[in-house]
Amino acid sequence: MYRLLTHNDLDGLGCGILARLAFGEEVHVQYNSVAGLNPQVEMFLAKEDKEETLFITDLSVNEQNEKKLNDYVQHGGEVYLIDHHKSSLHLNEYSWAAVEVEQANGNLTCATSLFYKFLIEKGLLHAKKSLDQFVELVRQMDTWEWEKNGNLTAKRLNDLFFLYSIEDFEQILLHKISSHEDFTFNELEEAILDIEENKVARYIRGKKREVYQAFIDGYYAGVVHADSNHSELGNELAKEFPHLDYIAILMVGRKKISLRTIYDHVDVSEIARKYHGGGHQKASGCLLTTEAYKQFVENTFHSEPLRRDFMHNKHNLKEQKEGCLYKNHSDETFFIYYKDEGWFIETKGKEKHSSYSTFQDCEKFVKRQFKAWLVQDDEYFQYLLQTGRIAERP
Numbered sequence: 002m003y004r005l006l007t008h009n010d011l012d013g014l015g016c017g018i019l020a021r022l023a024f025g026e027e028v029h030v031q032y033n034s035v036a037g038l039n040p041q042v043e044m045f046l047a048k049e050d051k052e053e054t055l056f057i058t059d060l061s062v063n064e065q066n067e068k069k070l071n072d073y074v075q076h077g078g079e080v081y082l083i084d085h086h087k088s089s090l091h092l093n094e095y096s097w098a099a100v101e102v103e104q105a106n107g108n109l110t111c112a113t114s115l116f117y118k119f120l121i122e123k124g125l126l127h128a129k130k131s132l133d134q135f136v137e138l139v140r141q142m143d144t145w146e147w148e149k150n151g152n153l154t155a156k157r158l159n160d161l162f163f164l165y166s167i168e169d170f171e172q173i174l175l176h177k178i179s180s181h182e183d184f185t186f187n188e189l190e191e192a193i194l195d196i197e198e199n200k201v202a203r204y205i206r207g208k209k210r211e212v213y214q215a216f217i218d219g220y221y222a223g224v225v226h227a228d229s230n231h232s233e234l235g236n237e238l239a240k241e242f243p244h245l246d247y248i249a250i251l252m253v254g255r256k257k258i259s260l261r262t263i264y265d266h267v268d269v270s271e272i273a274r275k276y277h278g279g280g281h282q283k284a285s286g287c288l289l290t291t292e293a294y295k296q297f298v299e300n301t302f303h304s305e306p307l308r309r310d311f312m313h314n315k316h317n318l319k320e321q322k323e324g325c326l327y328k329n330h331s332d333e334t335f336f337i338y339y340k341d342e343g344w345f346i347e348t349k350g351k352e353k354h355s356s357y358s359t360f361q362d363c364e365k366f367v368k369r370q371f372k373a374w375l376v377q378d379d380e381y382f383q384y385l386l387q388t389g390r391i392a393e394r395p
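In terms of our numbering, the sequence shown opens at residue 2 and continues consecutively.
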């Protein structure tokens with residue numbers, strides 16, 4: 002008999018699908034949250050049933066269970082831990098763990114792709130076209146390569162995952178993979194996904210008005226409270242507010258935080274580790290500890306949310322050398338303009354800040370220090386009149 006303890010996201014479900022196909026009725030699959038894994042491992046070890054092989058995928062055990070599992074293996078138990086998170090790499094010192102973040106070709110891995118490779122190499126599962134396609138969709142979704150590759154099918158698979166219970170979606174996928182040569186969606190699924198995409202787009206537009214800025218441990222974080230669509234939301238907010246280093250998505254009721262970044266110089270798995278979490282460099286999760294609550298909730302509660310830049314201007318445009326105008330909640334104005342091979346900031350009609358080599362660096366300073374936004378054309382023209390940059394028409 003086999004037991005699989007895996008994550009309760011799409012990547013974890015992918016491992017569950019593979020286990021069902023490989024072992025059929027002989028496997029017991031349990032889907033767990035990050036916090037729920039270690040109690041399940043402890044329960045398994047307490048049974049001392051060495052006739053059951055344990056697989057752990059897409060999740061990592063704590064230090065206590067790490068030692069217990071190693072002792073269990075040394076006394077004849079069979080355990081395989083297969084993961085792809087950077088925070089789990091230290092487990093590779095054990096013979097029963099295989100943690101791989103990146104493939105030889107440079108592509109990032111996921112637990113589903115690693116488990117698939119393992120099962121095929123062991124002769125426990127045979128490759129087929131629809132299964133190959135499914136595994137690659139999961140990998141691209143989990144690593145966010147789908148966005149770079151324009152692979153909307155991967156994203157839509159994840160969207161469909163959230164519309165069903167895990168048990169129901171398991172059955173749908175098993176039938177789809179077993180019965181078809183290619184992995185595709187049927188007409189009903191396509192129609193449902195179209196409706197869901199519109200719903201998610203509206204949800205994200207609303208959340209863009211609820212982002213708070215906080216300076217925490219040397220990073221500028223965007224803080225938002227949201228219970229769903231974390232991957233899409235984090236990515237869209239990071240692009241909407243590029244001056245922020247990362248986005249922290251809070252679930253106060255569940256006492257959890259999801260962390261997302263689009264930057265290579267920020268490792269959110271390191272940030273998550275401070276609050277008893279971990280994950281990928283650009284996508285991680287952690288607990289909303291007492292300290293995290295103070296940093297992300299209490300310290301932002303009385304502040305104003307960030308305002309979005311006005312995107313439909315025809316005249317007050319970013320990067321134009323004659324200048325563009327920003328304003329903050331205190332009605333302070335910041336005019337960014339170019340002269341003498343540098344970008345300058347003018348406040349209250351006077352040049353107050355030294356030059357920056359790029360517009361992006363100049364704008365980042367204004368947004369980080371003053372939480373300002375690009376104003377509408379009307380306010381821009383009013384400023385030009387007041388400062389004598391243009392003359393009022395007779």
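A virtual CB, placed ideally from N, CA and C, is assigned to each residue, including glycine.
> Does the stretch 117–137 come close enough to the stretch 84–95 that 3 or more CB-CB pairs lie under 8 angstroms?
Replying inline: Because the criterion of three Cβ pairs below 8 angstroms is not met, the stretch 84–95 and the stretch 117–137 do not touch.
> Between the stretch 252–268 and the stretch 318–327, do three or more beta carbon pairs fall short of 8 angstroms?
Replying inline: No, the stretch 252–268 is not in contact with the stretch 318–327.
> Can you check whether the CB of Leu251 is closer than 8 angstroms to the CB of Ala222?
Replying inline: Between Ala222 and Leu251, the CB-CB gap reaches or exceeds 8 angstroms.
> Start and end of the beta strand (DSSP E) containing Thr113?
Replying inline: Here Thr113 belongs to no beta strand (DSSP E); instead the alpha helix (DSSP H) covers 112–122.
> Straight-line CA distance for Ser270 to Gly279?
Replying inline: Answer to the nearest angstrom: the Cα atoms are 5 angstroms apart.
> Quick one: what's Phe184 bridged to in DSSP?
Replying inline: DSSP, once it has assigned bridges, lists no residue as partnering Phe184.
> By the 10 Å Cβ neighbour count, where 16 or more other Cβ atoms means buried, how is Lys48 classified, buried or exposed?
Replying inline: By the neighbour-count rule (16 or more Cβ atoms within 10 Å), Lys48 is not buried but exposed.
> Between Gly235 and Asn33, what straight-line distance do the alpha-carbon atoms span, to the nearest angstrom?
Replying inline: Each residue's Cα considered, the two are about 23 angstroms apart.
> In this structure, does DSSP put Lys257 in helix, strand or coil?
Replying inline: Annotated three-state conformation of Lys257 is strand, per DSSP.
>> Let me check understanding here. Comparing Cα to Cα, which of Ile346, Ser358, Asp362, Ala273 lies closest to Val35?
In response: For Val35, the nearest C-alpha among the options comes from Ala273.
>> Going by C-alpha to C-alpha distance, which of Asn9, Asp310, Lys295 sits closest to His303?
In response: The shortest C-alpha to C-alpha distance from His303 to any of Asn9, Asp310, Lys295 is the one to Lys295.
>> Can you find the residues in the same chain that come closer than 6 angstroms, C-beta to C-beta, to Ala284, ignoring five residues on each side of it along the sequence?
In response: Closer than 6 angstroms at the Cβ level, and outside the excluded window around Ala284, lie Arg261.
>> Please state whether the Cβ-Cβ distance between Ile205 and Asn230 is less than 8 angstroms.
In response: It is a contact, given that the beta carbons lie within the stated cut-off.
> Within 10 angstroms of its Cβ, does Leu318 collect 16 or more other Cβ (buried), or is it exposed?
Replying inline: The C-beta of Leu318 has fewer than 16 other C-beta atoms within 10 Å across all chains shown, which makes the residue exposed.
> How would you call Arg394, buried or exposed, if buried means at least 16 neighbouring beta carbons within 10 angstroms?
Replying inline: The predicted position of Arg394 is uncertain, since its pLDDT is 47 and thus under 50; a value taken from the coordinates is nonetheless stated next. Looking at its Cβ environment, which holds fewer than 16 other Cβ atoms inside 10 Å, Arg394 is exposed.
> According to DSSP, what are the bridge partners of Met252?
Replying inline: Paired residue(s): Lys257.
> Below 8 angstroms, can you find three or more Cβ-Cβ pairs linking the stretch 128–143 to the stretch 166–183?
Replying inline: Yes: the two stretches touch, three or more of their Cβ pairs being nearer than 8 angstroms.
>> Suppose you measure from the CA of Tyr73 to the CA of Glu237; what does that come to, to the nearest Å?
In response: Approximately 45 angstroms, taken between the alpha carbons.
> For the ligand ADP, is there a heavy atom less than 7 angstroms away from the beta-carbon of Trp344?
Replying inline: This structure does not include the ligand ADP; it has no bound ligands of any sort.
> Going by the beta-carbon positions, is the gap between Ile346 and Phe335 smaller than 8 angstroms?
Replying inline: Yes; because the gap between Cβ atoms is below 8 angstroms, this pair is in contact.
> On the three-state DSSP scale, how would you describe Arg394?
Replying inline: Low per-residue confidence applies at Arg394: pLDDT is 47, beneath 50, and the placement is therefore not dependable enough to give any value.
> Counting Cβ pairs, one atom from each stretch, are 3 or more of them under 8 angstroms apart for the stretch 134–142 and the stretch 100–119?
Replying inline: Judged by Cβ distances under 8 angstroms, the stretch 134–142 makes contact with the stretch 100–119, as three or more pairs qualify.
>> Taking a contact to mean a Cβ-Cβ separation below 8 angstroms, would you say Glu171 touches Gly15 in this structure?
In response: It is not a contact, given that the beta carbons lie outside the stated cut-off.
> Got a sec? Which residues, its chain only, sit under 8 angstroms from Trp344 by beta carbon, not counting five neighbours each side?
Replying inline: These residues qualify, in order along the chain: Ile337, Tyr338, Ser356, Tyr357, Ser358, Thr359, Phe360, Asp362, Cys363.
> Can you tell me whether Ala249 is buried or exposed, with buried defined as 16 or more other CB within 10 angstroms of its CB?
Replying inline: Buried, because 16 or more other Cβ atoms sit within 10 Å of the Cβ of Ala249.
> For Thr54, which residues from the same chain have a beta carbon less than 8 angstroms from its beta carbon, with the 5 sequence-adjacent residues on both sides left out?
Replying inline: Hits under 8 angstroms: Met2, Tyr3, Arg4, Glu79, Val80, Tyr81.
>> Give the list of continuous beta strand (DSSP E) stretches no shorter than 3 residues that lie fully inside the stretch 347–374.
In response: Within the stretch 347–374, the complete beta strand (DSSP E) runs of at least 3 residues are 351–357.
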